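Colleague: I have a structure I would like to understand better, so I am pasting it below and will then ask my questions one at a time.
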Amino acid sequence: MQRFPTSASGAGVLALNGGRWLRRAGRAGWNIVTTDNAWTGENFRRGGFLPNTERYTHAEDYVAAVQDLWDGFGPIAGSRDAESWSAEPRQVRRQGKFRSIDARPQVPGSPQGQPVYFQAGDSAEGRDFAARRAEGIFTHHIEFDDAVAFTADIRRRARSYGRPGDDIKIFPGANLVVAETDAEAAEKAAYYKEFALNDRTVLQSIESVWGTDLSAVDLDGPLPSFEPVASRQSHTHGIVHTGHEPTVKSRQWRALADEHNYSLRQPVHHLSERRGFIGSASTVADQLAHYVRSDAFDGLNVTPHAFPDGLNDVVDLLVPALQERGIYPSGYPGNTLRENLGLPETVAHRVPEAAPLNLEDAS
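Just so you know, numbering that gives the first Met the number 0 puts 336 at position 337 of the sequence shown, and the rest follows in order with no gaps.
Structure below.
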């Protein structure tokens with residue numbers, strides 16, 4: 000979508016919903032995702048292939064343009080009794096590397112001002128972009144040491160751009176299996192895994208690492224003898240599905256296979272057990288409290304193994320245990336997503352126009 004309709008659509012949803020993104024009538028933020036292939040981008044640009052090395056420069060230009068349009072319309076009045084509804088929108092003129100703007104915003108802002116920016120890139124460029132622009136990050140870093148290191152790196156990068164380190168909230172994805180007892184939770188997890196890790200899903204996980212068709216390979220045989228096929232798509236998909244670059248992941252799998260005499264399918268089963276938390280509500284709550292108090296993350300992007308039963312277990316069993324430990328609110332403190340995430344009412348970070356996107360100094 001082009002920058003002008005993006006700004007208008009986002010502002011329209013905010014205005015109609017009273018700024019309550021992701022709250023009651025409509026929970027939605029802006030998840031800023033850069034495209035890793037040519038064919039998707041061709042549907043949204045005026046021809047020409049954008050080199051992968053420029054995708055975050057392009058994203059920076061795009062977000063800055065949309066931000067200018069949102070900033071061009073003053074905030075709406077906080078009360079219907081106010082003397083005026085909103086300030087007069089100003090003409091926005093911008094000349095960027097990839098796009099130019101000469102327009103007056105058509106849709107007013109909201110009490111929230113703008114949607115909360117989310118981002119999920121994990122390359123050096125992606126982390127740097129998040130440090131400059133994001134307010135929430137979706138990530139795969141869920142193992143304790145890895146999560147602590149990732150969060151510390153993001154906060155350091157944010158400070159290097161003049162932002163408070165805690166101006167960004169970290170939300171790793173996590174599988175949760177919660178039950179009345181640890182034994183019951185372990186039994187549930189084994190049951191779910193039996194169905195989730197069938198031959199088809201195991202093969203997809205393996206192919207996402209090796210970047211090629213492995214349908215003729217015996218899943219109960221040894222790991223492929225060749226290295227992952229180098230391509231941008233396999234590189235991106237390998238990170239998405241496994242949490243690491245394909246070459247790194249393949250070496251980890253080989254090490255596991257050598258240590259435990261694993262077949263090709265077994266590393267997938269082994270590693271799937273490390274992507275979340277399994278146990279009674281008390282056990283999982285204690286683990287999460289340790290993560291939060293160690294600044295490993297701020298919250299979770301919850302992915303229950305079974306829906307809706309898995310989500311019901313989280314809500315009915317885990318949430319009360321988290322509240323008892325003081326790491327989960329008992330109510331919403333504000334009326335907007337921004338307030339409820341503990342973010343500034345107005346965006347505190349405005350990237351200076353002249354500031355270069357320095358991907359080396361902050362890496």
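A virtual CB, placed ideally from N, CA and C, is assigned to each residue, including glycine.
All figures in this text were calculated on a predicted structure; none of them were measured in a lab.
Of the residues A189, G333, N300, R89, which one's Cα is nearest the Cα of H268?
Modeller: What you label residue 268 is simply residue 269 of the sequence shown in a count that begins at 1. Selected option, being the one with the closest Cα: A189.
Colleague: Counting only C-beta atoms, is G275 closer than 9 Å to chain B at any point?
Modeller: Here chain B cannot be found, since the structure has a single protein chain.
Colleague: How many Å lie between F137 and F128 at the Cα?
Modeller: The residue given as residue 137 occupies position 138 in the sequence shown. The residue given as residue 128 occupies position 129 in the sequence shown. C-alpha separation (whole angstroms): 13 Å.
Colleague: Three-state secondary structure (DSSP) at A151?
Modeller: The sequence position of residue 151 within the sequence shown is 152, counting from 1. A151 falls in the helix class under three-state DSSP.
Colleague: Using DSSP with H/G/I as helix, E/B as strand and the rest coil, what is Y55?
Modeller: Here residue 55 refers to the residue found at position 56 when the sequence shown is read from its first residue. It is helical.
Colleague: Going by DSSP, what residue range makes up the alpha helix (DSSP H) through R292?
Modeller: One-based indexing of the sequence shown puts residue 292 at position 293. Where R292 is concerned, the enclosing alpha helix (DSSP H) stretches over 280-292.
Colleague: Tell me N174's beta-bridge partners as DSSP assigns them.
Modeller: On the sequence shown, position 175 is the one that residue 174 refers to. Looking at the DSSP assignment, N174 forms a beta bridge with G275.
Colleague: With 16 as the cutoff for other CB atoms within 10 Å, does S214 come out buried or exposed?
Modeller: Counting from 1 along the sequence shown, the entry for residue 214 is found at position 215. When all chains shown are included, S214 counts as exposed.
Colleague: State the Cα-Cα distance for the pair L49 and E59, rounded to the nearest angstrom.
Modeller: For this step, residue 49 is matched to residue 50 along the sequence shown. For this step, residue 59 is matched to residue 60 along the sequence shown. Rounded to whole angstroms, L49 to E59 spans 14 Å at the Cα level.
Colleague: Tell me the DSSP secondary structure of N30 in three-state form.
Modeller: Numbered from 1 along the sequence shown, position 31 holds the residue referred to as residue 30. Correct three-state label for N30: strand.
Colleague: Taking the straight line between their C-alpha atoms, what separation do you get for A63 and V106?
Modeller: Locating residue 63 in the sequence shown gives position 64, where the first residue counts as 1. Locating residue 106 in the sequence shown gives position 107, where the first residue counts as 1. Rounded to whole angstroms, A63 to V106 spans 18 Å at the Cα level.
Colleague: Between the C-alpha atoms of S293 and Q94, what's the straight-line distance to the nearest angstrom?
Modeller: Position 294 of the sequence shown, counted from the first residue, corresponds to residue 293. Position 95 of the sequence shown, counted from the first residue, corresponds to residue 94. So the alpha carbons of these two residues sit roughly 43 Å apart.
Colleague: With distances taken between CB atoms, is the gap from N300 to P171 smaller than 9 Å?
Modeller: One-based indexing of the sequence shown puts residue 300 at position 301. One-based indexing of the sequence shown puts residue 171 at position 172. Yes; because the gap between Cβ atoms is below 9 Å, this pair is in contact.
Colleague: Decide if the stretch 254-264 is in contact with the stretch 147-162; the criterion is three or more beta carbon pairs, one per stretch, under 8 Å apart.
Modeller: Contact fails: fewer than three Cβ-Cβ distances are below 8 Å.
Colleague: Which same chain residues, not among the five before or five after D212, have their C-beta less than 8 Å away from its C-beta?
Modeller: Stepping through the sequence shown from its first residue, residue 212 is reached at position 213. E206.
Colleague: Going straight from the alpha carbon of L202 to that of L222, what length do you get?
Modeller: Residue mapping note: residue 202 aligns to position 203 of the sequence shown, counting from 1. Residue mapping note: residue 222 aligns to position 223 of the sequence shown, counting from 1. Distance between the alpha carbons of L202 and L222 is about 12 Å.
Colleague: What is the DSSP secondary structure of I141, reduced to helix, strand or coil?
Modeller: Within the sequence shown, residue 141 is the residue found at index 142, counting from 1. Correct three-state label for I141: coil.
Colleague: Could you pull out every residue in the same chain whose Cβ sits closer than 7 Å to the Cβ of H289, ignoring the five residues on either side in sequence?
Modeller: By 1-based counting over the sequence shown, the position of residue 289 is 290. Correct list: empty, nothing qualifies.
Colleague: Could you check whether Q90 and R103 sit closer than 9 Å to each other, using their CB atoms as the reference points?
Modeller: By one-based count along the sequence shown, residue 103 stands at place 104. By one-based count along the sequence shown, residue 90 stands at place 91. Yes.
Colleague: From F296 to A320, what does the alpha carbon distance come to, in whole angstroms?
Modeller: For the purposes of this step, residue 296 is taken as the residue at position 297 of the sequence shown. For the purposes of this step, residue 320 is taken as the residue at position 321 of the sequence shown. Their backbone Cα atoms lie some 18 Å apart in a straight line.
Colleague: Provide the residue(s) that pair with D101 in DSSP beta bridges, ordered along the chain.
Modeller: By one-based count along the sequence shown, residue 101 stands at place 102. According to DSSP, which records beta bridges pairwise, D101 is partnered with R92.
Colleague: With a threshold of 7 Å on Cβ separation, who are the neighbours of D198 within its own chain once the five nearest residues in sequence on each side are excluded?
Modeller: Within the sequence shown, the letter at position 199 stands for residue 198. Within the same chain, D198 has close Cβ partners L218.
Colleague: Does the Cβ of E179 have 16 or more other Cβ atoms within 10 Å, making it buried, or fewer, making it exposed?
Modeller: Taking the sequence shown and counting its residues from 1, one reaches residue 179 at position 180. When all chains shown are included, E179 counts as exposed.
Colleague: Do you know whose CA, among L255, V283, D152, A119, lies nearest R324's CA?
Modeller: Your numbering for residue 324 matches position 325 in the sequence shown. For the residues L255, V283, D152, A119, the minimum Cα distance to R324 belongs to V283.
Colleague: Where does F194 sit, in a helix, a strand or coil, going by DSSP?
Modeller: By one-based count along the sequence shown, residue 194 stands at place 195. Correct three-state label for F194: helix.
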